[in-house]
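Undergrad: Below is a structure I'd like to ask you about.
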Amino acid sequence: MAAAKVSFLFLGIVVHVIYLASIFDIYFTSPLVHGMTPYKSTLKPPAKRLVLFVADGLRADKFYELDEHGKTRAPYFRDLIEKKGSWGVSHTRVPTESRPGHVAVIAGFYEDVSAVAKGWKENPVEFDSTFNESRYTWAWGSPDILPMFAKGASGGHVFTSSYKNVEEDFGNEDAAKLDTWVFNEVRGFFDTARNNETLKKMLNEGQIVFFLHLLGLDTNGHAHRPTSQEYVKNIAVVDEGIKEMEKLIEEFYEHDGQTAYVMTADHGMTNWGSHGAGHPHETLTPLVAWGAGVQGPMMPVHGADIPDEMLEWKLDHLRRTDVNQADIAPLMTSLLGVPFPLNSVGILPVEYLNNTEQYIAENLFLNSQQIVAQYDVKELLRKETSLWFWPFTLLAGAKKTGMIRDIKEFMRAKQYKEAVSLSRDLIKLSLEGLNYYQNYDRVFLNLVVTLGFLGWIFCIVLQIIEEHSDVMKETSKHNKGSFHPSVKISIVDTTSFALAVLVVLLLLVQKAPWMYFSYCLMPLVFWNRIVKRLHIIHATLEYIRAKKMQRRVLFTLLFGAFSLEILVMSFFRREILSVGLVCLALWPFTTPLYTNCRSSVGCWMVLSFALSVFPILPVVGREANYLLVTAAGVLTLVAFASLLLYAYNISQPLKAEITKSCKILLPQALLTGFAVYIVNSTASSLQRKLGLPVVNQLGSWTIFISSFLLPLINSSNLTIRLSSIAMAFSSVYLLMSTAYEGLFLLVLSLLMGAWLLSEHKLSGKTLNTLLETQLSSENSTHQPAWKVLTKGIDTPLMRKLTLEDLRCAYFFVFFIVVAFFGTGNIASINSFDPASVYCFLTVFSPFIMGSLLLCKVFIPFVIVACAFDAIHVVLSIPVQSLVLVVLAMTDFMGLHFFYLVQDSGSWLDIGTSISHYVIMMAFIIFLLPIFGLARLFTGASLSLTMSKKRA
């Protein structure tokens, strides 16, 4: 039996990992195809060389707007815009991160989401880029960006120079030195070139690129926010540095007028110093181009609407040309005269070009040919791998060749405006065709994934009914016999096997990706299991009819579905959680608690109302307030000291336990106070630009490690152990707090205690019984989480599930969602604040910082899970029973979020839909580890004496 449960739990993890990956196959598959012919203009390009400046993390509004004194922050660029070049706003896509942003600018395509997880420093897949098509490219900047373009380049003609002794330190006095380093390196490079004939010869050839990656703004934005003086001053550093670079390059080439310049950013940044999602501050970046072949300033189009921000920027007298970020790549290739990157989906922004009509028309036509080449490859691939092929009708037959023929005729007749117009139409249709073939299997995949999801949910429900309820036992008694399967197992298995073979053969013929096999075969496994258990459904219906529970069951199902939908809505509006907590505060009035234990009801209501405040507060990370962190630390010490003192005075057996535990509880209290000191000391040091003190760093790591060990050597008494866990996690959480998070965790922990007390009271047991309950490690120490969950505890004492227990499972899911969004720190992928880990490190380290931030996210989960684990003890319910109920509820929510995923609309909507589905599926996947961790802390002990778990 245990082996079967282990297999089922393992299958559950695999299922959700696969279905998490499914949205990337359905909505966000890689756009890359290979085998296209490169296209480049035969006409002479206007520029022999191109200089690309990417100011990492530069927002369009901060760059263009005037300061409080009415002066520009970038005087040199303001002069360029008004006298020499063209300008506009580049619209980026999600995720607004450095890697996908640079890929879009330099390679011209939007990298699929899965590639982001495969690597940031080098190519997870090979793709063409402007650098690869150039004769030579020299690049300076961050080691996180440059290598991925150097490794993918053929012929070893991309040369990079990255920081060696300069770190991306968020606590550094001046992050602008990252940009200064680049400018100094470029100066040294050209000084060397004057005395190196080989290098000078290379530099005087055509089709060369200089790439300057400027990371200072991104670092200052993370560390000090984009509204800070550090960020604003860094804009001036970039402005002055680029001015000097242009002067240096022009002097080296003796002002030959054959250098083109492009300045843009990979992404912007929110006011609270983060990026990753689709907020306009993240997706709107500046674009300025000037030099050889670039159009100069122009008057706005007559009658065109002028955006309000242009009036604020005092640029309404100039024409603004906005582009999509991928359009920058074809702009650079057209200026330089190199082939368009093979996978580019950018559209040449001809408004930026100052050239003949012929040159513009030919380049746009070749741009269309390059996109059509990708379309042809994708169409051929679909033809070869589909048994039934439905072509893209708008370019089917002779339509595509007819459009190409007409464009060539216009070109020959020198009707360039008509050629440009028709080329635009061809590009538009080709991109629609690419999207059509990209999503060719979407309806089919949606169908099989939905069938699999529903099948899995029904399997869970049937297992709950069969093994964790009295339905089968009671029905057998009522019918004086046992219910047996109403269908022949052999027929079901044979039919399923035949369908599986047919599915595999069809997928093999179509050369489908290997993940398609899992999507299609899993529904067969689940529905085979369901069909073979139709007798359970029959028995359940008989049980409901015999007990006359039709209305009660129907009400439970409808109310449960409504309650889960409320949780789904809370993912979009955090305030809904506040409404839910207010309603939850009134729950005791529907139970005997109101008459039997009014003091417990009062605590529950006060804590519920207090917790309801947090979801309506601003998202954590936007403004630091260390006074609140200090208050949280002090209140945490006061609250837990008061609770233990109360327990000490009312329970004689517990008095001795508390006395023995003081040797652990007192150090924990000291660590909490030390954590408050470290937080304030570190914030003060960073504010004074003195960096992170070594003592604070060592102290933080010491608290982090010891806080995970101290609860394990504390008393196994339930009250003491839970208090010890809450204090331990509070000290770690305070180290990673910047505002009211510490208060949130305190209120959440106290509410979990009130929940435990309320459930215990409803079970009819006395308060002393709860206070004296011991948490034994007999079944959890030195055992894997899966073994604990499948074995359970003291089986003879356990009872079966009832409808009332669904409330307990729902409360757990509700509190987990509150733990997610109570402080708003994971509402979207852009809301992590690096300031949360400054007590541990300030030098940029994605792995360590990401791990610490995940730890911060998981701490409220573990607090809730520990309370839930204690509740299953006092209610005498096997833990695996409640886990299965929780799994069914969360899967229902997961299926809902699956249908809310979208790849169209605003980038904020797209990013939000992805985030929500990933968050929901990740929670389901980590449900077992979360319970395992809770069991470890509540049940395991490093002491030699073990006592049995009893309620």
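In my numbering, the protein residues as written are 574 to 1524. For glycine and all other residues, C-beta sits at the position ideal for the given N, C-alpha and C.
1. Less than 7 Å between the C-beta atoms of C1176 and A1327, yes or no?
2. Alpha carbon to alpha carbon, how far is S1331 from L1166?
3. What would DSSP say about V1390, mapped onto helix, strand or coil?
4. Short of 6 Å in beta carbon distance, which residues of its chain neighbour M1309, apart from the five on each side in sequence? Order them along the chain.
5. Whose CA, out of P668, K951, L1078, F1026, lies closest to the CA of S1488?
6. Distance check for P799 and W711, CA to CA, integer angstroms please.
7. Closest by CA to L884, which one among I1444, F1135, S1418, D634?
8. Taking the alpha-carbon positions, what's the V1034 to G1153 distance?
9. Can you give me the Cβ contacts of I1298 inside the same chain, cut-off strictly under 6 Å, excluding the 5 residues immediately before and after it?
10. Going by the C-beta, is G1133 closer than 6 Å to any heavy atom of the ligand COA?
11. Indicate the three-state DSSP secondary structure (helix, strand or coil) for A1440 in the structure shown.
12. For D1378, which residues of its own chain have a beta-carbon under 8 Å away from its beta-carbon, when the five flanking residues on both sides are left out?
13. Rounded to a whole number of angstroms, what is the C-alpha to C-alpha distance between P880 and V1179?
14. If you draw a straight line from the C-alpha of P873 to the C-alpha of R893, how long is it?
15. Can you give the beta carbon distance from T1311 to A1197, rounded, assuming they're within the 8 Å contact cut?
16. Cutting at 7 Å between CB atoms, please list the residues of its own chain near S1091, excluding the five before and the five after it.
17. Could you round the C-beta distance between P611 and L909 to whole angstroms and report it? I think they count as a contact, below 8 Å.
18. Would you tell me roughly how many angstroms separate the C-alpha atoms of S1224 and Y1306, rounded to the nearest one?
19. According to DSSP, is M1122 part of a helix, a strand, or is it coil?
20. Measuring CA to CA, which of L960, D791, R985, A946 is closest to K973?
21. Report the option in R666, W863, F650, V1098 whose CA atom is closest to the CA atom of W886.
22. By the DSSP assignment, the alpha helix (DSSP H) with I1037 in it spans what residues?
23. Measure the C-alpha to C-alpha separation of H848 and I1492 and round it to an integer number of angstroms.
24. Along the chain, where does the beta strand (DSSP E) containing V624 start, and where does it finish?
25. W1029 and F1099 - do their beta-carbons sit closer together than 7 Å?
26. Have a look at F1413, T753, P1419 and flag the residue whose alpha-carbon is nearest the alpha-carbon of G807.
27. Expressed to the nearest angstrom, what Euclidean distance is found between the alpha-carbon atoms of V1174 and L1318?
28. Mind the definition here: the segment 1269-1281 touches the segment 1207-1226 only if three or more C-beta pairs lie below 8 Å; say whether that holds.
29. Please state whether DSSP places A1495 in a helix, a strand or coil.
30. Which of the three DSSP states is assigned to Y834 in this structure?
31. Going by alpha carbons, who is nearest to D747 out of A1443, F1247, P1240, Y804?
32. Which word fits W863, buried or exposed, when buried means at least 16 other C-beta atoms lie within 10 angstroms of its C-beta?
33. Please report the straight-line C-alpha distance between V923 and Q943, rounded to a whole angstrom.
34. Measuring straight from C-alpha to C-alpha, what distance separates F1470 and M1462?
35. Report the rounded CA-to-CA distance for N1352 versus I1497, giving the unit in angstroms.
36. Less than 6 Å between C-beta atoms, sequence neighbours within five positions excluded: which residues of the same chain meet that for G779?
TA: A quick look at the data gives this:
1. yes
2. 7 Å
3. helix
4. S1409, K1429
5. P668
6. 30 Å
7. D634
8. Rounded to whole angstroms, V1034 to G1153 spans 26 Å at the Cα level.
9. P1284, C1439, F1510
10. Among the components modelled here there is no ligand, and therefore nothing to report on the ligand COA.
11. helix
12. L1448, I1450, S1454, L1455, V1458
13. 49 Å
14. P873 and R893: Cα-Cα distance of roughly 7 Å.
15. Contact between T1311 and A1197 is confirmed by a C-beta separation of about 5 Å, below the 8 Å threshold.
16. So the list reads I591, once near-sequence residues are dropped.
17. The Cβ separation is near 14 Å, so there is no contact.
18. 31 Å
19. coil
20. A946
21. F650
22. 1015-1040
23. 18 Å
24. Boundaries of the beta strand (DSSP E) around V624: 622-628.
25. A contact, by the Cβ cut-off of 7 Å.
26. Checking the sequence, you will find Asn at residue 807 rather than Gly. Residue T753 is the option with its Cα nearest to N807.
27. So the alpha carbons of these two residues sit roughly 21 Å apart.
28. no
29. helix
30. strand
31. Y804
32. buried
33. 16 Å
34. Computed Cα separation, rounded: 13 Å.
35. Residue placement at N1352 cannot be trusted, given a pLDDT of 40 that sits under 50; what the coordinates show is reported in the next sentence. N1352 and I1497 have their alpha carbons spaced roughly 24 Å apart.
36. K621
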